[in-house]
Every structure is written in C-alpha cells, then in structure tokens.
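Notes follow the structure.
This is the structure:
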C-alpha cells in the first residue's frame with residue numbers, strides 16, 4: 001500500500017508569493033537527499049513525487065518518456081506556480097534529460113522547463129533508494145506522445161540522444177566503423193534477439209523509438225547493424241583515386257572514407 005506523501009506546508013501567515021517561495025525552497029532542502037519532491041498545485045505545498053513503477057519495478061528516468069505515453073504520468077512539477085508566473089492551478093511539468101555539464105554531468109536530472117525557478121533534482125541519485133515513494137499510474141485511453149500542460153506544449157525533448165565514440169581499430173590495427181548519432185548516450189541491456197523478434201511479430205509488431213536507438217547503430221560507411229554486431233564490422237567502402245594507388249584498403253596511408261564521429265559532435 002502506498003504511503004501518504006509527506007507534505008511540507010508553508011506558514012499560514014505567509015500568503016505572499018515571495019514568502020511561499022522561500023518556504024518551498026527551505027522545504028526542498030530539508031527533504032533532500034532522502035526523498036524526491038515536487039510542487040503540488042492542488043495542495044500548494046511540496047510533497048513527495050511518486051516514482052513510476054511497472055509491476056513493482058521502479059522505472060529508470062530514461063524510461064519515463066515512454067511510460068508517459070501510455071500512462072497518466074507526468075514529470076515532476078517545478079516551482080513556477082508558486083511564483084505567480086502561471087496560474088496557481090497549472091501543473092508546470094519539468095524537463096527530464098541528461099545533464100551535459102556541471103556536477104551532475106552524465107546523470108539524468110529534472111529541471112524547470114523554462115529555467116526560471118530553482119527546481120532541480122538529480123534523478124539518478126534516487127535510483128534504488130528505499131526512501132523514494134513509488135506510485136502506479138493508470139493507463140491512458142490512448143497513446144500520447146507529448147503531454148500538453150500549456151507549459152511544455154512546445155515539444156520539449158523528453159530524452160537525450162547523443163553520438164558517442166567507439167574504438168576505430170581492432171587490436172590487429174585494422175580500421176573499423178565509427179558510431180554516428182544513432183547511438184544513445186546510454187545503451188540498453190535488453191537481449192538483442194528478443195527485441196529483433198518484435199520487428200516481425202504477428203501481434204503488435206514494431207519497436208518504440210527508444211528501443212530502436214538502443215538496438216541499432218550506423219557506421220560512417222552508411223551500413224546499419226545492431227550495436228552488438230558493430231564490433232565485428234569491417235568497412236568495405238573503397239574510394240577510387242585514379243592518380244595513385246591509395247584506393248587499396250591494404251595500401252599504406254589508406255584511411256576510412258567515413259566521417260569521423262568526433263567531427264559530428
């Protein structure tokens with residue numbers, strides 16, 4: 001049974017927005033790092049955020065976007081409603097992404113979608129913690145690719161897809177392919193055979209975008225393959241130059257014809 005969220009209520013004498021905001025900030029600092037909190041527009045207070053679960057299994061932040069498409073789940077609400085920038089009853093959904101710099105670089109974080117208020121939570125710090133409140137969200141009547149909260153309706157990205165570098169050569173020195181932008185920043189541990197079977201399944205065939213990016217990658221020679229097969233890939237791309245013999249893959253000075261992944265970053 002889900003525990004009742006711990007509510008941090010502002011003092012009854014503090015009804016001005018500045019006072020409420022100070023109380024909210026103090027409450028967040030007091031609650032961290034033991035619990036993940038966000039602003040509840042109905043109670044006008046900070047409460048514990050219900051971490052989404054599927055059959056009692058807590059979902060990692062990179063799976064939240066997909067979960068929100070099929071369940072009535074929203075990312076944490078930031079502090080903007082308490083500051084008077086939007087309606088008091090408007091749920092200002094935060095932005096969940098991988099931090100590219102700062103102390104949380106490489107981690108999944110939730111921040112104000114407009115970078116106006118002070119709401120920031122490092123989600124990876126709460127993964128696996130017993131102190132985090134869990135919640136099971138009901139299914140939607142139909143799939144929703146984005147959540148229209150009037151605040152995040154501009155199709156803000158729900159996840160981050162970045163190119164990463166892989167070794168360019170085998171131990172024997174042979175050139176191999178390089179990853180392009182189809183590679184996700186964090187790969188999936190799902191079994192390749194099981195995911196591939198979904199492509200030709202007779203019942204509900206197909207892959208979600210996150211499953212696709214976790215499964216496939218593309219070499220600079222334009223060949224597509226699974227990420228598990230990529231280490232065994234040898235580029236067959238040959239550049240024909242009529243003035244010399246550098247088109248021979250075995251000739252000294254031959255270079256892979258694809259663009260470097262470093263140049264695409």
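Numbering (full-length UniProt numbering), first residue to last: 1 to 265. Using N, Cα and C, we set each Cβ at its ideal position, and we do this for glycine too.
In DSSP terms, what residue i is bridged to
{"i": "residue 96", "result": "110"}
{"i": "residue 216", "result": "226"}
{"i": "residue 134", "result": "51"}
Buried versus exposed, by CB contacts within 10 Å (16 or more), residue i
{"i": "residue 204", "result": "exposed"}
{"i": "residue 194", "result": "exposed"}
{"i": "residue 217", "result": "buried"}
{"i": "residue 201", "result": "exposed"}
{"i": "residue 173", "result": "The predicted position of residue 173 is uncertain, since its pLDDT is 43 and thus under 50; no value can be drawn from it."}
{"i": "residue 251", "result": "Any reading at residue 251 must be qualified, since the residue scores a pLDDT of 39, below 50, and its modelled position is unreliable; the value itself is stated next. Counting Cβ neighbours within 10 Å, residue 251 comes out exposed, since fewer than 16 surround it."}
{"i": "residue 45", "result": "buried"}
{"i": "residue 81", "result": "buried"}
{"i": "residue 141", "result": "exposed"}
{"i": "residue 56", "result": "exposed"}
{"i": "residue 229", "result": "exposed"}
{"i": "residue 244", "result": "Its pLDDT being 41, under 50, residue 244 is placed unreliably by the model, and the measurement read from it follows with that caveat. By the neighbour-count rule (16 or more Cβ atoms within 10 Å), residue 244 is not buried but exposed."}
Residue i - containing alpha helix (DSSP H), residue span
{"i": "residue 48", "result": "Not the alpha helix (DSSP H): residue 48 falls in the beta strand (DSSP E), residues 45-48."}
{"i": "residue 65", "result": "64-70"}
Residue i - containing beta strand (DSSP E), residue span
{"i": "residue 224", "result": "224-226"}
{"i": "residue 38", "result": "37-40"}
{"i": "residue 53", "result": "51-54"}
{"i": "residue 121", "result": "120-122"}
Distance between beta carbons of residue j and residue i, contact taken as under 8 angstroms
{"i": "residue 76", "j": "residue 124", "result": "The Cβ separation is near 14 angstroms, so there is no contact."}
{"i": "residue 36", "j": "residue 91", "result": "Not really, about 16 angstroms apart at Cβ, beyond 8 angstroms."}
{"i": "residue 112", "j": "residue 78", "result": "4 angstroms"}
(request) Specify whether the region 93-105 and the region 40-51 touch according to this definition: at least 3 beta carbon pairs, one from each stretch, less than 8 angstroms apart. (result) A contact between stretches requires three or more CB pairs, one per stretch, nearer than 8 angstroms, and the region 93-105 fails this requirement with the region 40-51.
(message) Check whether the region 51-63 and the region 129-142 touch, using three or more Cβ-Cβ pairs below 8 angstroms as the test.
(response) Judged by Cβ distances under 8 angstroms, the region 51-63 makes contact with the region 129-142, as three or more pairs qualify.
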